[in-house]
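Residue numbers (our numbering), protein chains in the order written: chain E, 9 to 122; chain W, 9 to 125.
Idealized CB from N, CA, C, for every residue including glycine.
From a predicted model like this one, the values you see are computed outputs, not experimental measurements.
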Amino acid sequence: AQSVTQLDSHVSVSEGTPVLLRCNYSSSYSPSLFWYVQHPNKGLQLLLKYTSAATLVKGINGFEAEFKKSETSFHLTKPSAHMSDAAEYFCVVSDLGAGNMLTFGGGTRLMVKP
Amino acid sequence: GAVVSQHPSRVICKSGTSVKIECRSLDFQATTMFWYRQFPKQSLMLMATSNEGSKATYEQGVEKDKFLINHASLTLSTLTVTSAHPEDSSFYICSASTQGALYNEQFFGPGTRLTVL
């Protein structure tokens, strides 16, 4: 079985400061992990994905995430927040045992203050 | 590449009517398509999985007679909400994957906002 926990439902940062969105997962096999961003009334955009290659994954818009198997974590970070980063972020897991099924975390709403 | 479209993007209908939402993979063949539902300020909930040419597999608690899914071709899946009621108002998102897709990646459509009056 697979599951995802996003530890913070809301995160608020000031523009120009670092962003940390936390995600822990549970997986029976070697997981694939994804971070998606969703702006209001929009679909999901893939930020980055971990697929058993490099543990530090770089994505679009300056985001990156590090896969830590020992901690079962896949936290999303960005050195400097922009106002345009304000959105909902979803951590997603998929493993071989689930076929093509994705399991979504509950989401983290990122607010960026000027 | 890997673009998925949905139509319509927004629909408002009267209670008791049926609404059809289309999901298309524009530049690849989607052997599997997924339908999700998202309530305000909540995460995505998988409703059903459909493979081209076969019946959809519905998640527990999803009424298959209410949410009719057809995946007649490798580029098109439709979701029909039958006899819609206000509680069916939601954001519906489809996604698609292709056979042999690396790492179980799904490509998401932009979503359809359904409002039932």
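9 Å Cβ cut-off: residues of chain E touching residue i
{"i": "R121 of chain W", "result": "N49"}
{"i": "E30 of chain W", "result": "Here the premise fails: no neighbours, minimum Cβ distance about 14 Å."}
Those residues which DSSP pairs with residue i across a bridge
{"i": "I29 of chain W", "result": "W:L87"}
{"i": "N129 of chain W", "result": "No answer is possible for residue 129 of chain W: it lies beyond the span of chain W, which begins at 9 and ends at 125."}
{"i": "I101 of chain W", "result": "W:Y44"}
{"i": "L41 of chain E", "result": "E:Y58 and E:V101"}
Interface partners of residue i on chain E, CB under 7 Å
{"i": "S51 of chain W", "result": "F98, F112, G113, G114 and G115"}
{"i": "F116 of chain W", "result": "G51 and L52"}
Simplified DSSP assignment, three categories, for residue i
{"i": "D93 of chain E", "result": "helix"}
{"i": "P48 of chain E", "result": "coil"}
{"i": "Y94 of chain W", "result": "Just to set this straight, residue 94 of chain W is Pro in the shown sequence, not Tyr. In this structure, P94 of chain W counts as helix in the three-state DSSP scheme."}
Contact list for residue i against chain E, beta-carbon separation under 8 Å
{"i": "I101 of chain W", "result": "G51 and L52"}
{"i": "E95 of chain W", "result": "By Cβ distance, chain E contributes nothing, its closest Cβ being about 20 Å from E95 of chain W, past 8 Å."}
{"i": "E60 of chain W", "result": "Correct list: empty, because the minimum Cβ distance to chain E is about 13 Å."}
{"i": "E71 of chain W", "result": "Correct list: empty, because the minimum Cβ distance to chain E is about 20 Å."}
Chain C contact for residue i (CB, 8 Å cutoff)
{"i": "E113 of chain W", "result": "In the structure shown, chain C does not exist; the protein chains are E and W."}
Report the residues of the segment 49 to 64 of chain E with a CB closer than 7 Å to any CB of chain W, ordered along the chain.
-> N49, K50, G51, L52, K57 and T59
Specify whether the segment 35 to 49 of chain W and the segment 97 to 108 of chain W touch according to this definition: at least 3 beta carbon pairs, one from each stretch, less than 8 Å apart.
-> yes
Decide if the segment 70 to 83 of chain W is in contact with the segment 85 to 102 of chain E; the criterion is three or more beta carbon pairs, one per stretch, under 8 Å apart.
-> no
Indicate whether the contact test is met: 3 or more Cβ pairs, each with one atom in the segment 49 to 61 of chain E and one in the segment 111 to 121 of chain W, closer than 8 Å.
-> yes
Are the segment 22 to 29 of chain W and the segment 17 to 25 of chain E touching, with three or more C-beta to C-beta distances below 8 Å?
-> Contact between the segment 22 to 29 of chain W and the segment 17 to 25 of chain E is not established, with fewer than three Cβ pairs separated by less than 8 Å.
Does the pairing of the segment 64 to 81 of chain E with the segment 36 to 46 of chain E give three or more beta-carbon distances under 8 Å?
-> The answer is yes - the segment 36 to 46 of chain E touches the segment 64 to 81 of chain E, with three or more Cβ pairs under 8 Å.
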